[in-house]
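Okay, structure first, notes after.
Residue numbers (this note's numbering): 520 to 859.
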């Protein structure tokens with residue numbers, strides 16, 4: 520019978536300690552085996568802010584477990600503190616996510632404040648939110664403020680996309696992309712439109728450049744749609760996707776797939792090394808995935824962004840666990856696609 524290694528508690532970690540990985544899928548050990556060692560953060564360039572878990576969709580791969588019935592919403596007072604912190608620390612990019620971040624009633628005010636402070640603003644848009652009640656002016660507002668859009672489109676075929684996102688989503692997604700194209704997204708260099716693909720099941724994404732070429736050809740020919748870049752993202756085995764894998768008996772098979780395809784060349788570019796993730800309460804995490812697992816930055820006790828300085832994060836320990844295998848498998852995976 521295998522033994523679980525004892526957990527050691529560092530006094531600096533306020534009583535919180537790293538829990539051991541599954542013994543067969545120990546990401547820390549895999550890093551050590553490949554001569555990499557403990558992950559540490561470099562200088563923070565970007566802040567990713569989750570405005571809440573409310574969404575007009577409930578996708579079966581969603582690692583946020585977002586949906587129409589979620590009530591977690593960031594309040595304006597929290598936003599003000601984040602805006603001030605980013606301005607004081609000269610943050611170059613504020614990456615806004617959710618749920619559907621646009622459903623937060625203060626979304627536009629938050630984004631405009633970040634833009635006014637000189638930061639680039641990225642919004643992670645599910646496309647169909649453009650047609651929600653009260654969002655009729657959203658597409659034009661995006662264009663007027665030159666917000667960079669990263670939009671989820673898991674497939675260019677109706678059948679595959681709606682298997683992930685539900686009936687009717689494909690048609691609305693296509694309409695939304697056509698509307699954004701009409702406003703200049705994808706053609707105007709100031710209006711960036713990138714799409715995101717993730718597999719429908721327990722497999723690695725295909726090569727990003729090849730799939731991007733196919734997406735561009737099919738969307739242009741079938742719908743007259745054009746865009747800038749396609750980002751392929753690996754499904755991480757957490758939240759709804761983990762539940763799916765467990766229901767189908769494929770959870771360990773999927774972890775084996777990720778571990779067998781570990782690529783040490785992806786580690787240098789991991790997003791957790793230069794980004795900090797902030798949840799709807801203002802607490803900090805090493806990445807959006809750790810946030811959903813309630814694994815606080817560096818395995819420390821909960822901390823709030825505005826109680827720290829940007830320099831406090833440099834060389835700080837990054838919390839890892841077995842799900843991190845998803846970011847380092849094959850060509851790697853990050854919020855902006857492949858890493859190697």
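Think of the CB as a built atom: it goes at the ideal place given N, C-alpha and C, for glycine as much as any other residue. It should be emphasised that the depicted structure is a prediction, and the values quoted were computed from it without experimental measurement.
Fewer than three beta-carbon pairs drawn from the segment 736–751 and the segment 788–805 are found closer than 8 Å, and the two stretches are therefore not classed as touching.
If you check the CB distance, residue 808 and residue 752 do not come in under 8 Å.
Between the alpha carbons of residue 785 and residue 676 lies a distance of about 30 Å.
For a cut-off of 8 Å, the C-beta gap from residue 711 to residue 668 is around 7 Å, short enough to register as a contact. When the beta-carbon positions are compared, residue 698 and residue 620 stay at least 8 Å from each other. Residue 857 carries a coil assignment under DSSP once its states are collapsed to helix, strand and coil. Classified as exposed, residue 628 has fewer than 16 neighbouring CB atoms from the shown chains inside 10 Å of its CB. Of all C-beta pairs linking the segment 643–656 to the segment 590–609, fewer than three are shorter than 8 Å, placing the two stretches out of contact. Between residue 589 and residue 834, the gap from beta carbon to beta carbon reaches 8 Å or more.
Counting only runs of 4 or more residues that sit fully inside the segment 566–635, the alpha helix (DSSP H) segments are 595–607, 626–635, in chain order. For residue 809, the enclosing alpha helix (DSSP H) stretches over residues 807–811. Scanning 799, 663, 555, 728 for the CA closest to the CA of residue 701 turns up 663.
Note that the C-beta distance between residue 651 and residue 799 is not below 8 Å.
Here the segment 727–740 makes no contact with the segment 761–772; the two share fewer than three CB pairs at distances below 8 Å.
Membership of residue 676 in any beta strand (DSSP E) is not indicated, and neither H nor E is assigned to it by DSSP. Taking 4 residues as the shortest admissible run, the segment 699–775 contains the following complete alpha helix (DSSP H) segments, listed from N- to C-terminal end: 727–742, 758–766. For residue 723, the closest alpha carbon among the candidates 844, 630, 788 is that of 844. If the five residues before and after residue 693 are omitted, its C-beta is found closer than 8 Å to the C-beta atoms of 742, 744, all from its own chain and listed in chain order.
Collapsing the DSSP output to three states places residue 552 in a helix. Burial state of residue 595 is exposed, judged by a 10 Å Cβ sphere holding fewer than 16 other Cβ atoms.
For residue 644, the enclosing beta strand (DSSP E) starts and ends at 639–644. When DSSP reads this structure, residue 836 sits in a beta bridge with 559.
Closest by C-alpha distance to residue 816, out of 839, 552, 828, 687, is 839. Taking a contact as a CB-CB distance under 8 Å, the pair residue 796 and residue 567 counts as one, their CB atoms being some 5 Å apart. With respect to residue 848, residue 754 sits apart: the two C-beta atoms are not nearer than 8 Å.
Using a Cβ distance threshold of 8 Å, residue 856 and residue 750 count as a contacting pair.
In the same chain as residue 828, and ignoring 5 residues on each side of it, no C-beta atom comes closer than 6 Å to its own.
In this structure, residue 775 keeps its C-beta atom at 8 Å or more from the C-beta atom of residue 721. Within the same chain, 595, 598 come within 7 Å of residue 625 by CB-CB distance, once the 5 residues on both sides are set aside. The three-state secondary structure of residue 648, taken from DSSP, is helix. With fewer than 16 other beta carbons inside 10 angstroms of its own, residue 659 counts as exposed. Put simply, the backbone Cα of residue 830 is about 31 Å away from that of residue 709. No Cβ-Cβ contact shorter than 8 Å links residue 545 with residue 783.
Taking a 10 Å sphere around the C-beta of residue 739, we find fewer than 16 other C-beta atoms and assign the residue as exposed. Residues 602 of the same chain have their beta carbon placed closer than 6 Å to that of residue 632, with the five preceding and five following residues left out of the count.
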